[in-house]
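A.B. asks: I am attaching a structure below and will ask some questions about it afterwards.
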Amino acid sequence: MAEVLFLGGLGRSGTTLVERLLGELPGVCALGEVVHLWQRDLRDDERCGCGERFSTCEFWLRVGKSAFDGWDNVDVDRVLALRDAVERTRHIPWLASTARPAADVREYASFYAKVYAAAAEVSGAKLVVDSSKHSALAHVLRAAGDIDLRVVHVVRDARGVAYSWTKRVARPETDGADEMTRYSPGRSALLWNAHNAAFGLLARRGVPVRRIRYEEFLADPRAGLIRLADFAGITLQPADLEFLRPGHADLRVGHSAAGNPMRFTVGRLPLRHDTAWMRALPPAQRRLVGAVCGPMLRAYGYPMNPQES
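According to the working numbering, the sequence shown is numbered sequentially starting from 148.
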């Protein structure tokens, strides 16, 4: 049974950073956003976090061989059809309330379970990390009977998330041909509410969920990693955290399937709190996001006027 730590939350909430640091721990294999593997990697042959095309990455070739006797044996059309049928935010109430998941939900979850088990086997890791983020996918994975699922719900101030979604960011895996998706502050505020609420619902369905605030994790990543390792059942020694230095982390090459451009970083990664949104997000947009997300911001302990806190 694969032991899986799923990092969830709305995009631009810091999950890639958390994943990269977790991936440096012994016995942990970070896979990136597996939710995008089927289209971006199998179909589009984008670049793995190691820099190689997916089709030539030795790690993923071995995973495909172990999971499916080769990636050519995966019916990508079927996987994507299942995704479109069941992995939707609007389906979360149904996914959460169903005592026995439907056959198509179980089938879709089985593809992920095979990837997780194969990655653990190939890497020799005790724990695999999937930073797919999607709340609907986390609910789908409840239907996979052969994984030990634990979820880390990563929350970041909705106004910082909104600002991040407005920025133009190139996707290195496409060699600069494409940019990451952008949302208006109003749109991202609605998504922030929906996705974060969905992880609260997941916890009430018996899945172990640990919520972390990105800002607190970044303020003391050593303590944050120790707590997450304990949640995931990983025992750490002091030497296991030597890659963390004052103000930065020293990262090795990873094999993330998809995700934020940070997944390509090797060597020194600065660890600093990005407060640019407090200056750069227009006041009207800041107030809009604060109004839409106010109840949940307060519930998570965020000040409504952080500039005065």
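Don't be surprised by glycine CBs; every beta carbon is placed ideally from N, CA and C.
Just to confirm the assignment, what range does the beta strand (DSSP E) spanning I359 have?
C.D. replies: The residue you call residue 359 lines up with position 212 of the sequence shown. Start and end: 356-360.
A.B. asks: Quick check: what's the CA-CA separation for L284 versus V182?
C.D. replies: Position 137 of the sequence shown, counted from the first residue, corresponds to residue 284. Position 35 of the sequence shown, counted from the first residue, corresponds to residue 182. Using only the alpha carbons, I get a separation of about 8 Å.
A.B. asks: I need the boundaries of the beta strand (DSSP E) containing P417, first residue and last residue.
C.D. replies: In the sequence shown, the residue the question calls residue 417 occupies position 270. It spans 414-417 - the beta strand (DSSP E) in which P417 sits, taken as one unbroken run.
A.B. asks: Are A340 and G156 closer than 8 Å when you measure CB to CB?
C.D. replies: The residue given as residue 340 occupies position 193 in the sequence shown. The residue given as residue 156 occupies position 9 in the sequence shown. Inspection of the sequence shows that residue 340 is occupied by Asn rather than by Ala. Going by C-beta atoms, N340 is not nearer than 8 Å to G156.
A.B. asks: Determine the direct distance from the alpha carbon of G179 to that of E166, and round the result to whole angstroms.
C.D. replies: Residue mapping note: residue 166 aligns to position 19 of the sequence shown, counting from 1. Residue mapping note: residue 179 aligns to position 32 of the sequence shown, counting from 1. Roughly 7 Å between the two C-alpha positions.
A.B. asks: If contacts are defined as beta-carbon pairs under 8 Å, then F206 and H402 qualify, I think. What distance do you get, rounded to the angstrom?
C.D. replies: Here residue 206 refers to the residue found at position 59 when the sequence shown is read from its first residue. Here residue 402 refers to the residue found at position 255 when the sequence shown is read from its first residue. About 4 Å separates the two Cβ atoms, so the contact holds.
A.B. asks: Only counting runs of 3 or more residues, tell me where the beta strand (DSSP E) segments fall wholly within the stretch 340-417, in order along the chain.
C.D. replies: Counting only runs of 3 or more, we get 356-360, 395-398, 414-417.
A.B. asks: Is the CB-CB distance between A149 and A267 below 8 Å?
C.D. replies: If you number the sequence shown from 1, residue 149 lands on position 2. If you number the sequence shown from 1, residue 267 lands on position 120. Against a cut-off of 8 Å, the Cβ pair of A267 and A149 comes out as a contact.
A.B. asks: Less than 8 Å between the C-beta atoms of P319 and Q432, yes or no?
C.D. replies: Residue mapping note: residue 319 aligns to position 172 of the sequence shown, counting from 1. Residue mapping note: residue 432 aligns to position 285 of the sequence shown, counting from 1. No.
A.B. asks: Going by DSSP in three states, E180 sits in which element: helix, strand or coil?
C.D. replies: Taking the first residue of the sequence shown as 1, we reach residue 180 at position 33. Looking at E180 - three-state DSSP - the assignment turns out to be coil, as it is neither helix nor strand.
A.B. asks: For A423, which three-state DSSP category applies?
C.D. replies: Counting from 1 along the sequence shown, the entry for residue 423 is found at position 276. Three-state DSSP puts A423 in coil, outside helix and strand.
A.B. asks: Figure out for me which residue from E254, P417, H238 has the closest Cα to the Cα of H281.
C.D. replies: To locate residue 281, count along the sequence shown from 1; it is residue 134. Among E254, P417, H238, the Cα nearest to that of H281 belongs to H238.
A.B. asks: Between which two residues does the beta strand (DSSP E) harbouring K280 extend?
C.D. replies: Locating residue 280 in the sequence shown gives position 133, where the first residue counts as 1. Its beta strand (DSSP E) spans residues 274-280.
A.B. asks: Whose C-alpha, out of V275, H286, D222, G196, is nearest the C-alpha of T245?
C.D. replies: For the purposes of this step, residue 245 is taken as residue 98 along the sequence shown, with counting starting at 1. Selected option, being the one with the closest Cα: H286.
A.B. asks: Compute the distance between the beta-carbons of L154 and V302, then report whether it is under 8 Å.
C.D. replies: Taking the first residue of the sequence shown as position 1, residue 154 is located at position 7. Taking the first residue of the sequence shown as position 1, residue 302 is located at position 155. Against a cut-off of 8 Å, the Cβ pair of V302 and L154 comes out as no contact.
A.B. asks: Since V128 is in the alpha helix (DSSP H), which residue starts that stretch and which ends it?
C.D. replies: Past the edges of the chain, shown from 148 to 456, lies residue 128, and the structure says nothing about it.
A.B. asks: Which of helix, strand or coil does DSSP assign to R334?
C.D. replies: Against the sequence shown, residue 334 aligns to sequence position 187. Residue state, collapsed to three classes: helix.
A.B. asks: Which complete beta strand (DSSP E) runs does the stretch 153-238 hold, if anything under 3 residues is left out?
C.D. replies: You should have 175-177.
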